[in-house]
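So for the sequence shown, the numbering used here puts the first residue at 7; every next one is plus one. Working notes for the structure below.
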Amino acid sequence: TLETITLNINDFPRKDGIVIEPVLSAPEGVKPLTDDAVKPFAGLAGLRDKLKE
């Protein structure tokens, strides 16, 4: 049936051996943000540690 076919199709097909590099964009002279630089929960972790003291 159509449902069986659609459930068996890979949602995100990838060719073997391909590495997807992140795309970074920023105005000239500005360092682009990366996922590692943002760390949205780092501030909350600091507050949590202060509350434990």
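Virtual Cβ for every residue (Gly too), placed ideally from N, Cα, C.
Alpha carbon to alpha carbon, what distance is there between residue 26 and residue 42? 17 Å
Whole-angstrom Cβ separation of residue 30 and residue 38, contact assumed at under 8 Å? 4 Å
Can you look up residue 22 in the DSSP assignment and give me helix, strand or coil? coil
Is the closest heavy atom of the ligand FMN to the C-beta of residue 29 under 7 Å? Within the structure as shown, the ligand FMN is missing, as the structure has no ligands at all.
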